[in-house]
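Shown next, in structure tokens, is the structure this report addresses.
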Amino acid sequence: MNHMRDTHPEHGHMHESTEAWLQEIRQHPPFDRMAIEHLQSLLVGATGQHFASGVPVLGPRQGPVRSLWLVLRGHVVGRRPHTDGEDEVFQLQPGDVFPVAAWTAQRPVTAQYEALDGLYMLHLDSAAVTDVQQRCVLWADHLQQRARAFLRLAQQRLQAELSVRVQEAHALDQRLGDLPRRELVGLPATATVQQALETMHQRRIGSILLHAPDGALSGILTRYDVLDRIALAGVSLARPVSEVMSRPVHCLQVHDSGHDAALLMAQHGIRHVPVLDGRRPVSMVSERDLFALQRLSVRHLAATLEECRELADFQRAADDIRHYARQLMAQGIQARQLTALVSNLNDRLTQQLIRLYRTEAGLPADGFCWMALGSEGRSEQTLATDQDNALVFDSADPDTDRPRWLAFAQRVNQALDQCGYPLCHGGVMAGNPACCLSRQEWEQRFDRWIDAGGPKEVLYAAIFFDLRALAGRSDWVDALRQRILEKTKASPRFIRQMTEGYLEHPVPLNWHGGIDGRKDGRHLWFDMKLQGTALLVEGARIVALAHGIAATNTRQRLVEAGRVTGAPIEEYEGWISAFDYLQMHRMALQVDPATEIEHPNRIDLRSLNAVDQRVMQASLRAIKTLQQRLSLDYLR
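All you need for this note's numbering is the position in the sequence shown, starting with 1, plus 21.
Laid out in structure tokens, this is it:
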């Protein structure tokens, strides 16, 4: 073991080793934001020490802690014994200071610490630590709330990155070809004025392109032309539209920008510009589109959804919802509020589709209930979400009535798919006969799953038991949920089965507390959903079903879980913080253009900075405490 001691000479003459330490610690928070004089004071009396891998560093037998360690290079593995016999293992990285809690209380540590991969640490002088703590708010806050401080730093970094991405993605310098495509509608220039107006009214569009016999653009007719050139001018609706259309047609190319479109509109006093790919029209950009790039609001989106009548209207509204969510992320809104907002707007879109197609099918408004399941049922939808839904209908003869309800549900499912909410790969959709049942059939199915179900039924229950009424008879779904809770609360066998299935997917932490990822060449992949948030969602669901908790939202369930399990407040607050952090990170991934569409929740662990590595590890350790608690409560 190699020891190195350095002391400070008189003020103004720093030792060479201390200068090197200063450069190293300034790479890590909170040292990167502390004043240089505070850092210099913190290193007064510090000593450097090397530890070979596997060598003990600190343990309970060494008595009350009188000073702190700062990791400079390598890692420290901590092991804390648990009552169930399985140790809690965690890892400290460069920049970490420990053991703060034991030092503050002047007590022995509760964990055993040992060196990993060539550890080099600074042994900080206690008097210097206390002195800087009294003079530097950043250092005091770091010592008092390390985990929360790192979480805040991670969230601030994510929001800063998102702000840059949103500005890049939605500023007027964006290419017109990268904007959402608008369906183009055209007619021959020989069509009558009446034909043009009827087409615009039926398709609910603000402009229509007119073509020459050879297919070339001849002109454009907009809503604003109708007043000046037709209504006020008293033009007969039987006249050719070519007599009133605007020409020439001012066009732009897909590689032109939003700024180019705004300039062209201002120069010529127009509000619609066709976008060409070469000579072929591919989209239309309007003054409203340019405004939407700069500003959206919940009120605007809600009003837009109320006016949707055609599929194209719903598709544009769905795009606007996603754009708005990205803007809010950049402004710093938290994951809990953001997922609730996205879910609420998606609810409104789906409700409007249901209302429209149910009316067209002539089905009774009080004869059904559309159920949201999965993440939508929990009001936790992110930007990359597929469909999980089902339908309840009232019938004395389900086999006779089912085809009408199925046809309606399939139409809604297909429309949602075309709006960017993909069909469920597992077939959990109202348009699937297995998910379109009468009230009695649903009761019988849920009873069977709880009373005598195997692993497959337990898996189905995990999806269907997060149910919420979206449209129609909400009282039917309330009754179904109450029936489920009464039966699961009285069925230890079912809860045990769910817990056993849950614990087949342990927290991906390796023996020394690092995160386990899947190696793929130079990548080390980690799925933020399957290996992160899903473990909290499943654990919270088990506690809710075991104790009759009516909430479906995971965050609310975790709060209730802390209460009914008797977990210490710091433990269940850790579950909630982990869920919030992982959800926000998922959302950030989903707006990152570099994220693969097929893997919207996957991140390369090697791309994480030091702050995110620490918070990710802390989040997974929090999830592990939830798994350990469920194992003790339901498997003994």
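Even for Gly, the Cβ is constructed at its ideal location relative to N, Cα and C.
Buried or exposed for residue i, please, with buried defined as at least 16 other CB atoms from any protein chain shown within 10 angstroms of its CB.
{"i": "A148", "result": "exposed"}
{"i": "A210", "result": "buried"}
{"i": "Q188", "result": "Low local confidence applies: a pLDDT of 48 at Q188 is under 50, so the model's placement there is unreliable, with the coordinate-based value given in what follows. It counts as exposed."}
{"i": "S74", "result": "exposed"}
{"i": "N23", "result": "Its pLDDT being 38, under 50, N23 is placed unreliably in this model, and the coordinates cannot settle the point."}
{"i": "P102", "result": "exposed"}
{"i": "T573", "result": "buried"}
{"i": "I251", "result": "buried"}
{"i": "L551", "result": "exposed"}
{"i": "H280", "result": "exposed"}
{"i": "T520", "result": "buried"}
{"i": "V158", "result": "exposed"}
{"i": "T151", "result": "exposed"}
{"i": "I57", "result": "exposed"}
{"i": "T125", "result": "exposed"}
{"i": "Y655", "result": "buried"}
{"i": "T380", "result": "exposed"}
{"i": "E40", "result": "exposed"}
{"i": "A609", "result": "buried"}
{"i": "Q336", "result": "buried"}
State yes or no: is the C-beta of residue i within less than 8 Å of the C-beta of residue j?
{"i": "I516", "j": "D409", "result": "no"}
{"i": "V110", "j": "W532", "result": "yes"}
{"i": "V528", "j": "L556", "result": "yes"}
{"i": "G553", "j": "L603", "result": "yes"}
{"i": "H289", "j": "G227", "result": "no"}
{"i": "L231", "j": "L205", "result": "no"}
{"i": "L197", "j": "S278", "result": "yes"}
{"i": "L332", "j": "A428", "result": "no"}
{"i": "Y523", "j": "E581", "result": "no"}
{"i": "V9", "j": "D246", "result": "The first residue shown for the chain is 22 and the last is 657, placing residue 9 beyond what the model contains."}
{"i": "L10", "j": "P51", "result": "Here the chain has residues from 22 to 657 only, and residue 10 is not among them."}
{"i": "R578", "j": "A588", "result": "no"}
{"i": "A123", "j": "V153", "result": "no"}
{"i": "P424", "j": "E462", "result": "no"}
{"i": "L273", "j": "A287", "result": "no"}
{"i": "L651", "j": "I570", "result": "no"}
{"i": "T403", "j": "Q127", "result": "no"}
{"i": "S62", "j": "L145", "result": "no"}
Just to confirm my understanding: we take residue i, look at its own chain, exclude 5 residues before and 5 after, and list those with CB closer than 8 Å. What are they?
{"i": "L93", "result": "W42, E45, I46, G69, P115, Y141, M142 and L143"}
{"i": "T213", "result": "L258, A259, R260, P261 and V262"}
{"i": "L253", "result": "none"}
Looking only at its own chain, which residues have a Cβ that is under 7 Å from the Cβ of residue i, when we skip the five neighbours before and after it?
{"i": "H49", "result": "P115, G116 and A631"}
{"i": "A339", "result": "L370, C440 and G441"}
{"i": "M450", "result": "Q408, N410, N434, L444 and C456"}
{"i": "W497", "result": "C390, V413 and R460"}
{"i": "L734", "result": "There is no way to answer for residue 734, as the model of the chain reaches only from 22 to 657."}
{"i": "L137", "result": "S74, G95, H96, V97, V98 and H533"}
{"i": "S416", "result": "D422 and S459"}
{"i": "I375", "result": "W391, V433 and A492"}
{"i": "A561", "result": "T575, R578, L579 and A582"}
{"i": "F600", "result": "T554, L557, T575, R576 and L579"}
Which partner residues does residue i have in the DSSP bridge list?
{"i": "F486", "result": "In DSSP, F486 forms no bridge with anything."}
{"i": "A411", "result": "M392"}
{"i": "Q133", "result": "R100"}
{"i": "I241", "result": "L230 and S267"}
{"i": "R623", "result": "D548"}
{"i": "L278", "result": "Rather than Leu, the amino acid found at residue 278 in this sequence is Ser. Beta-bridge pairing links S278 to R196."}
{"i": "R301", "result": "D298"}
{"i": "Y593", "result": "DSSP output for Y593 lists no bridge partner at all."}
{"i": "V17", "result": "Any answer about residue 17 is impossible in this case: the structure gives the chain only from 22 up to 657."}
{"i": "A492", "result": "W391"}
{"i": "S459", "result": "F414"}
{"i": "T213", "result": "P261"}
{"i": "H606", "result": "Note: H606 sits in no beta bridge, so no partner."}
{"i": "H568", "result": "Bridge partners of H568: none, in fact."}
Excluding the five sequence neighbours on either side, which residues of its own chain have a C-beta within less than 6 Å of the C-beta of residue i, listed in chain order?
{"i": "E478", "result": "W470"}
{"i": "R642", "result": "F111"}
{"i": "V400", "result": "One point to set straight first is that residue 400 is Ser, not Val, in the sequence displayed. Same-chain partners within the cutoff: A361, S364 and N574."}
{"i": "K510", "result": "G569"}
{"i": "P302", "result": "L205 and P295"}
Exercise. Decide if the segment 540-555 is in contact with the segment 499-509; the criterion is three or more beta carbon pairs, one per stretch, under 8 Å apart.
Key: no
Quiz item: Counting Cβ pairs closer than 8 Å, one from the segment 233-245 and one from the segment 262-280, do we hit at least three?
Solution: At 8 Å Cβ cutoff, the stretches touch.
Practice problem: Evaluate contact between the segment 359-374 and the segment 451-470, counting only Cβ atoms and requiring at least three cross-stretch pairs below 8 Å. | Solution: no
Quiz item: Should the segment 585-602 be called in touch with the segment 341-348, which here means at least 3 C-beta pairs below 8 Å?
Solution: no
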